[in-house]
Amino acid sequence: MTWLIRKGLTFIFYPCIPYERNEFPDAGNHYNCPIVTSYAENIKNNIDELADGSIDFFSPFLSFENMGILEKRLIEEFEGKYHIPAAEISAAVRKAWKELENAREDMMRKGEETLSYLKETGRRGIVLAGRPYHIDPEINHGIPELIASYGIAVFTEDSICHLYGVERPLMVMDQWMYHSRLYAAANFVKTREDLDLIQLNSFGCGLDAVTTDQVNDILSNSGKIYTCLKIDEVNNLGAARIRVRSLISALRVREQKAVCRSIVSSSYERIVFTEEMRKTYTILCPQMSPIHFDLIEPAFRASGFQLEVLPDSDKTAIDTGLKYVNNDACYPSLVVVGQIMTAILSGRYNPEKLAVIVTQTGGGCRASNYIGFIRRALCKAGYPDIPVISMNLSGLEKNPGFRITPRLAVKGLYGLVFGDIFLRALYRMRPYEKVPGAADRLHEKWKKRCQEFLSSAHASHRRFVRLCKEIIEDFDRLPIYENLKKPRVGVVGEILVKFSPSANNHIVDLLEAEGAEAVVPDLMDFLLYCFKNNEFKADYLGKKRSSARKGRLGIKALEWLRKPAVKAFERSLHFVPPGNIDKMGDMASRFVSLGNQTGEGWFLTGEMLELIENGVHNIVCTQPFGCLPNHVVGKGVIKELRRVYPKSNVVAIDYDPGASEVNQLNRLKLMLATAYRDLGGWRKIRRQDFPYPVFGRFAYSRTLDIGKSCRLIFRSCMFWRRQVCVLKLVVLARGDAGGWVGCLFGMGGVG
16 MTWLIRKGLT
26 FIFYPCIPYE
36 RNEFPDAGNH
46 YNCPIVTSYA
56 ENIKNNIDEL
66 ADGSIDFFSP
76 FLSFENMGIL
86 EKRLIEEFEG
96 KYHIPAAEIS
106 AAVRKAWKEL
116 ENAREDMMRK
126 GEETLSYLKE
136 TGRRGIVLAG
146 RPYHIDPEIN
156 HGIPELIASY
166 GIAVFTEDSI
176 CHLYGVERPL
186 MVMDQWMYHS
196 RLYAAANFVK
206 TREDLDLIQL
216 NSFGCGLDAV
226 TTDQVNDILS
236 NSGKIYTCLK
246 IDEVNNLGAA
256 RIRVRSLISA
266 LRVREQKAVC
276 RSIVSSSYER
286 IVFTEEMRKT
296 YTILCPQMSP
306 IHFDLIEPAF
316 RASGFQLEVL
326 PDSDKTAIDT
336 GLKYVNNDAC
346 YPSLVVVGQI
356 MTAILSGRYN
366 PEKLAVIVTQ
376 TGGGCRASNY
386 IGFIRRALCK
396 AGYPDIPVIS
406 MNLSGLEKNP
416 GFRITPRLAV
426 KGLYGLVFGD
436 IFLRALYRMR
446 PYEKVPGAAD
456 RLHEKWKKRC
466 QEFLSSAHAS
476 HRRFVRLCKE
486 IIEDFDRLPI
496 YENLKKPRVG
506 VVGEILVKFS
516 PSANNHIVDL
526 LEAEGAEAVV
536 PDLMDFLLYC
546 FKNNEFKADY
556 LGKKRSSARK
566 GRLGIKALEW
576 LRKPAVKAFE
586 RSLHFVPPGN
596 IDKMGDMASR
606 FVSLGNQTGE
616 GWFLTGEMLE
626 LIENGVHNIV
636 CTQPFGCLPN
646 HVVGKGVIKE
656 LRRVYPKSNV
666 VAIDYDPGAS
676 EVNQLNRLKL
686 MLATAYRDLG
696 GWRKIRRQDF
706 PYPVFGRFAY
716 SRTLDIGKSC
726 RLIFRSCMFW
736 RRQVCVLKLV
746 VLARGDAGGW
756 VGCLFGMGGV
766 G
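As structure tokens, then:
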């Protein structure tokens with residue numbers, strides 16, 4: 016991109032493609048990966064030469080689902096803005112689409128010719144399976160030539176994937192088009208004695224945690240050898256050469272021993288949760304947000320489900336997750352699977368009367384495949400008969416014993432609204448409470464009342480409205496230090512890491528211990544974001560208008576449900592009411608397109624902007640290490656946010672089983688140092704925070720000029736321990752360092 020800019024180009028067309036061609040109609044979907052989808056968004060927000068507007072960087076969201084959708088969108092984008100006639104655009108699209116089909120046919124024909132060559136000569140072939148960009152010699156580092164040097168024919172996965180269908184359903188959710196090619200190629204390879212497969216896996220490609228397991232299963236279950244080569248920017252073929260030689264040697268040994276193998280179907284038959292199971296089975300639900308899920312459990316139990324929300328994760332659960340999940344999978348999947356497997360292996364439950372439930376969005380994020388990770392872990396642990404229930408609104412999987420009835424939906428949403436109220440009220444008041452523990456006690460009091468309400472046979476809406484009003488009013492009356500100023504720090508990011516205390520290393524408690532106030536946006540907003548996405552899909556990606564109408568209806572229903580809480584917050588003295596999802600979308604669209612819908616998508620950017628607009632300039636963006644969507648809509652927008660909002664103080668913190676808590680803490684403290692400097696007020700510094708002795712239990716520091724600093728030094732002199740003179744000072748200096756300075760002087764000089 017920089018090379019193009021230096022060539023003096025004034026127009027660059029770089030479209031974002033969330034949907035690829037639908038080459039496998041029976042697959043779950045045909046997404047591109049989040050990074051391929053939004054490369055252009057990252058470029059736009061992080062290359063300085065594009066910021067001044069001198070270059071027209073044009074990056075519309077387009078769908079390759081079929082030629083008609085693509086043609087319609089290109090006409091919409093180019094006819095009005097660039098005055099290119101619609102007929103000319105249509106003719107170009109048809110020619111290009113035909114050429115794309117011809118190129119695919121040429122590739123498939125060449126694959127068939129090479130297979131005939133192998134049959135005639137008795138040679139072997141290896142399918143070098145990966146992404147399209149792995150064809151680039153700069154990326155594959157000459158691995159195809161290395162394999163060919165051993166007299167082995169090299170195939171790409173798309174040259175033979177049309178020769179054998181994928182035996183579905185798979186254990187994973189087959190929703191990325193290029194992944195579907197891998198599965199089809201692996202299914203074909205398992206039927207051939209003269210073919211084997213090597214999968215290329217780029218370092219940091221999170222989606223390959225899904226594909227590598229599935230391709231391995233397809234091949235290994237049919238007695239084939241699976242080989243995966245991890246490649247990155249290091250141009251060193253030593254390790255790859257060893258792996259390829261090992262594979263060739265193993266194949267020769269198999270030929271000599273005439274190893275017999277049987278071809279096994281790759282399809283996975285899931286265990287269905289039946290109506291009979293509903294009456295007697297305990298359903299385990301992984302914990303995500305204790306403040307919300309403590310209220311979800313009674314709602315499910317009142318609807319006839321023996322649901323048990325698991326306790327928040329600990330180190331043991333995460334270690335268990337590492338044991339049962341591909342370690343390249345994202346951190347939240349390790350947490351979720353770790354919670355479930357720890358509970359099952361504890362012996363507290365009868366595995367013959369046990370089920371698991373997990374949400375499934377159906378989006379392009381790895382989160383849609385958590386259900387596959389859970390099933391794989393259960394099979395690995397010897398519990399393949401435990402049913403896993405998918406809780407979704409997309410119709411992905413049907414279970415006769417689990418249906419979201421209107422009664423269950425309303426009670427569950429009541430619990431969600433109560434949880435959001437506690438989230439806003441508790442975190443707003445607790446840092447300023449006059450009586451330590453008063454806010455927590457108030458929370459416990461109202462939590463019990465809400466649980467009783469949700470457990471009742473008839474939870475009336477009138478009673479719900481009254482509870483919302485009473486909770487907010489009670490918290491609003493809590494005695495606090497009204498004049499105490501503390502930096503407010505927003506917490507956003509990947510949904511599980513943001514809300515789960517164990518996953519984010521108790522970031523809210525940490526911020527409060529450091530003298531800050533944590534501001535965490537509502538969980539309900541994520542549901543509103545999911546509904547709003549349907550409008551963009553219908554407007555720009557060729558989806559049905561009926562889905563947009565359903566999305567708007569869902570938004571209205573959720574807004575109506577939380578309206579009592581919004582009104583009570585508006586009447587309060589201390590609280591800010593929740594924002595509007597449409598306004599949040601408008602703010603986010605200034606930085607990223609609303610087509611960014613993978614994971615938290617544009618919603619994450621919108622949350623940061625809403626916090627900034629509400630005066631919360633200090634923000635922690637919590638994200639799993641290697642979270643692909645966050646590279647675009649989290650970390651990827653921080654630079655542009657700082658340019659547009661110079662006061663914004665945003666820090667991105669990665670969370671992972673191997674992440675250093677010390678590094679996370681250091682990044683938080685640096686952010687807080689800037690927050691205190693910008694606050695310009697008094698800061699309470701605890702003894703354990705200060706590297707030198709200080710007078711009394713606390714030292715107070717304020718922004719001072721040099722003259723005041725000198726006067727403070729001389730006033731603070733005294734003798735300590737016989738003949739040693741100690742000058743002790745705490746200064747909060749408004750300088751480049753932006754932090755406190757501690758000085759200790761002794762008789763021998765500066766200590």
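Numbering (my numbering), first residue to last: 16 to 766. The C-beta atom is built at its ideal place from N, Cα and C for all residues, glycine as well.
Inset, instruction - Return helix, strand or coil for N664, following the three-state DSSP convention. - result: strand
Legend entry - At least 3 beta-carbon pairs within less than 8 Å: the region 511-528 vs the region 343-358: yes
Legend entry - D189 in three-state terms, based on DSSP: coil
Inset, instruction - Would you list, in sequence order, the uninterrupted beta strand (DSSP E) runs of no fewer than 3 residues that lie entirely inside the region 514-591? - result: 532-534
Legend entry - Minimum Cβ-Cβ distance from E172 to chain B less than 8 Å: Among the protein chains of the structure shown there is no chain B, as only one such chain exists.
Inset, instruction - Apply the 10 Å Cβ neighbour rule to Q271 and answer buried if 16 or more other Cβ atoms are within range, or exposed otherwise. - result: exposed
Inset, instruction - Quick one: which unbroken alpha helix (DSSP H) runs of 4-plus residues sit fully inside the region 610-644? Chain order, please. - result: 616-628
Inset, instruction - Could you check what DSSP says for Y29 in three-state terms: helix, strand or coil? - result: coil
Inset, instruction - Enumerate, from N- to C-terminal direction, the unbroken alpha helix (DSSP H) stretches of 4 or more residues contained entirely within the region 183-241. - result: 192-204, 223-235
Legend entry - For M122, the three-state DSSP class (helix, strand or coil): helix
Inset, instruction - Within the same chain, show all residues whose beta-carbon is closer than 8 Å to that of I150, passing over the 5 residues directly before and after it, in chain order. - result: T171
Inset, instruction - Please work out which residues of its chain come closer than 7 Å, Cβ to Cβ, to L19, disregarding the five sequence neighbours upstream and downstream, and give them in chain order. - result: I27
Legend entry - N- and C-terminal bounds of the alpha helix (DSSP H) containing M602: 596-603
Inset, instruction - Could you spell out the range, first to last residue, of the alpha helix (DSSP H) harbouring V677? - result: 676-694
Inset, instruction - Mind reading off the beta-carbon distance from C465 to F490? Whole number of angstroms is fine, and I expect it under 8 Å. - result: Actually they are not in contact, since the Cβ atoms of C465 and F490 sit about 13 Å apart, beyond 8 Å.
Legend entry - Cα-Cα separation between R139 and L262, rounded to whole angstroms: 12 Å
Legend entry - Distance between beta carbons of S74 and A55, contact taken as under 8 Å: 4 Å
Legend entry - Buried or exposed by the 16-neighbour rule on C-beta atoms within 10 Å, applied to N629: exposed
Inset, instruction - Can you tell me the Cβ-Cβ gap for Y34 and F79, rounded? I've got them flagged as a contact below 8 Å. - result: 6 Å
Inset, instruction - Within the same chain, show all residues whose beta-carbon is closer than 6 Å to that of F388, passing over the 5 residues directly before and after it, in chain order. - result: V340, S348, V352
Legend entry - Sequence-distant residues of its chain with Cβ nearer than 6 Å to N633 (five each side left out): P502, V504, N664, A690
Inset, instruction - Could you tell me whether the region 363-382 touches the region 404-418, using the rule of 3 or more Cβ pairs below 8 Å? - result: yes
Legend entry - Member of G166, Q190, M686 whose CA lies at the smallest distance from the CA of D41: Q190
Legend entry - Cβ-based burial, H98 [other Cβ within 10 Å; buried from 16]: exposed
Inset, instruction - Quick one: residues in its chain with C-beta nearer than 6 Å to the C-beta of E64, no 5 flanking neighbours on either side, listed in chain order? - result: I20
Inset, instruction - Please say whether I495 and Y447 have beta carbons closer to each other than 8 Å? - result: yes
Inset, instruction - State the Cα-Cα distance for the pair S105 and G397, rounded to the nearest angstrom. - result: 56 Å
Inset, instruction - Taking only runs that begin and end inside the region 273-299, name each unbroken alpha helix (DSSP H) of 4 or more residues, in chain order. - result: 290-295
Legend entry - Terminal residues of the alpha helix (DSSP H) in which D309 lies: 305-317
Inset, instruction - Could you work out which residue in A107, G68, Y346 is closest to E1 when comparing CA atoms only? - result: No statement about residue 1 is possible, as the shown extent of the chain runs from 16 to 766 and does not include it.
Inset, instruction - Please report the residue range of the alpha helix (DSSP H) in which E172 lies. - result: Per DSSP, E172 belongs to no alpha helix (DSSP H) and is neither H nor E.
Inset, instruction - Quickly, what does DSSP pair S105 with across the bridge? List them, please. - result: In DSSP, S105 forms no bridge with anything.
Inset, instruction - Excluding the 5 residues preceding and the 5 following T357 in the sequence, name in chain order all residues of the same chain whose CB lies nearer than 7 Å to its CB. - result: T331, A332, T335
Inset, instruction - Identify which residue in T295, G157, G238 has its Cα closest to the Cα of N251. - result: G157
Inset, instruction - Can you give me the start and stop residues for the beta strand (DSSP E) that Q321 sits inside? - result: 321-324
Inset, instruction - Using the Cα positions of C380 and N407, report the straight-line distance between them to the nearest angstrom. - result: 15 Å
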